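The structure appears right after this line, and notes come after that.
Numbering (our numbering), first residue to last: 106 to 432.
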């Protein structure tokens with residue numbers, strides 16, 4: 106059922122992801138087209154709690170679609186788990202006469218948004234943004250395509266020097282609980298092995314596989330997801346050296362994967378999600394997420410991250426990659 110809306114708010118929360126600005130732009134322009142005023146809160150839920158707000162007319166989002174990061178800035182704000190902190194955020198929205206909020210972020214951000222809605226009656230719509238691409242209920246999250254292209258470009262450059270010097274490299278990419286990024290760049294970059302959190306392969310198991318290789322390579326690339334221990338790839342290199350006497354250089358790509366101008370795919374999907382988020386608000390929806398399924402936007406309930414599994418990769422891709430690499 107459609108409802109009359111004069112104002113809505115938007116914020117970005119958690120880690121930044123390329124394409125967030127495209128989604129913000131789409132929300133602002135889509136809202137303006139039907140006479141809705143948009144207020145942005147800087148620094149995520151912290152800014153909402155402390156009333157750090159700015160007006161977002163159409164001119165405020167001009168020339169932003171190509172920019173990485175988020176013009177609204179973002180911080181991690183674990184304090185939002187506390188009811189008294191959320192009460193301050195609710196009071197901020199009430200002062201502004203706003204009862205509709207669009208949140209760009211991941212699981213933690215959605216959890217906070219859902220609690221805020223349940224405690225206040227404020228309508229909340231989520232737009233999934235994470236380079237890990239692991240939000241349950243959507244096949245795609247904003248930022249993933251840019252991040253994997255950034256990581257692949259780095260791997261291609263590393264491969265040049267690996268071949269030139271007959272060197273071996275372990276390349277660590279982001280991916281705390283899911284291996285989408287590692288798997289995609291591993292296959293596309295011709296990696297010999299890919300380690301992902303879903304399989305939790307031990308270093309000993311990896312070394313056993315390496316010792317069974319059927320052909321010599323002048324330069325080897327292994328892609329490793331950071332999992333819950335960023336930097337653990339250095340330990341893997343030490344163990345390979347100790348058991349096989351083969352030296353692997355380590356390259357941790359780190360936060361370079363978060364930055365950069367978003368790709369066509371990220372700009373397009375972010376724009377579509379922003380548009381559909383405004384449509385969802387106007388149709389009276391709440392506690393819903395704009396998901397991307399079968400190349401179309403759809404509404405899905407914000408996942409209960411305490412109960413629902415994360416979106417996880419097809420682990421058969423690991424075996425397929427072994428065939429493609431001839432090892």
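Glycine residues also receive a C-beta, built at the ideal position from the N, C-alpha and C atoms. Here the structure is a predicted model, which means the values were calculated and not measured.
Taking only the alpha-carbon atoms, compute the straight-line gap between residue 158 and residue 299 and give it to the nearest angstrom.
About 44 Å.
Once you ignore the five residues that flank residue 282 on each side, which residues in its own chain have a CB closer than 8 Å to its CB?
Within its own chain, the residues whose Cβ lies closer than 8 Å to the Cβ of residue 282, once the five positions on either side in sequence are excluded, are 237, 239, 302, 332, 333, 415, listed in chain order.
For the 8 Å Cβ check, are there 3 or more pairs between the region 197-214 and the region 255-266?
No contact exists between the region 197-214 and the region 255-266.
Just to confirm the assignment, what range does the alpha helix (DSSP H) spanning residue 145 have?
Residue 145 -> not in any alpha helix (DSSP H); beta strand (DSSP E) instead, spanning 142-146.
Could you round the C-beta distance between residue 273 and residue 353 to whole angstroms and report it? I think they count as a contact, below 8 Å.
Going by Cβ atoms, the distance from residue 273 to residue 353 rounds to 5 Å, so yes, they are a contact pair.
Among the candidates 128, 141, 119, whose CA atom is the shortest distance from the CA of residue 149?
The option with the nearest alpha carbon to residue 149 is 119.
Round the Cβ separation of residue 162 and residue 367 to the nearest angstrom and send it over; I've been treating them as touching at under 8 Å.
Residue 162 to residue 367, Cβ: 23 Å. No contact.
With DSSP collapsed to three states, give me the class of residue 122.
In the displayed model, residue 122 falls within coil according to three-state DSSP, outside both helix and strand.
For residue 428, count neighbouring C-beta atoms within 10 Å of its own C-beta (all shown protein chains included) and say buried if the count is 16 or more, exposed if not.
Under this definition residue 428 is an exposed residue.
Can you tell me the Cβ-Cβ gap for residue 276 and residue 263, rounded? I've got them flagged as a contact below 8 Å.
Rounded, the Cβ-Cβ distance is 6 Å, consistent with contact.
Cut-off 7 Å between Cβ atoms - residues of its own chain near residue 382, not counting five sequence neighbours on either side:
So the list reads 132, 207, 230, 232, 395, once near-sequence residues are dropped.
Reference residue 443; option with closest CA among 417, 129, 424, 294:
For the chain, the structure presents residues 106 to 432; residue 443 sits outside this window and is missing.
Determine, using beta carbons only, whether residue 289 and residue 253 come nearer to each other than 9 Å.
For residue 289 and residue 253, yes; Cβs fall inside 9 Å.
Give me the Cα-Cα distance between residue 437 and residue 407, rounded to the nearest whole angstrom.
The structure shown has nothing for residue 437, since the chain only spans 106 to 432.
In three-state DSSP terms, what is residue 341?
In the structure shown, the three-state DSSP call for residue 341 is helix.
My output table needs one value for residue 139: the three-state DSSP class, helix, strand or coil.
Of the three classes helix, strand and coil, the one that applies to residue 139 here is coil, per DSSP.
So, for residue 385: in the same chain, excluding its five sequence neighbours on each side, which residues have a beta-carbon less than 8 Å away from its beta-carbon?
Closer than 8 Å at Cβ, skipping near neighbours: 230, 393, 395, 404.
Can you have a look at residue 342 and say buried or exposed, based on whether 16 or more other CB atoms are within 10 angstroms of its CB?
Flag for residue 342 reads buried.
Among 125, 187, 235, which one has its Cα closest to the Cα of residue 280?
Out of 125, 187, 235, 235 has the C-alpha closest to the C-alpha of residue 280.
Cutting at 6 Å between CB atoms, please list the residues of its own chain near residue 355, excluding the five before and the five after it.
In its chain, beyond the 5 residues on either side, 275, 338, 339, 342 have a beta carbon closer than 6 Å to the beta carbon of residue 355.
Which class does residue 211 belong to by DSSP, given the choice of helix, strand or coil?
If DSSP states are grouped into helix, strand and coil, residue 211 belongs with coil.
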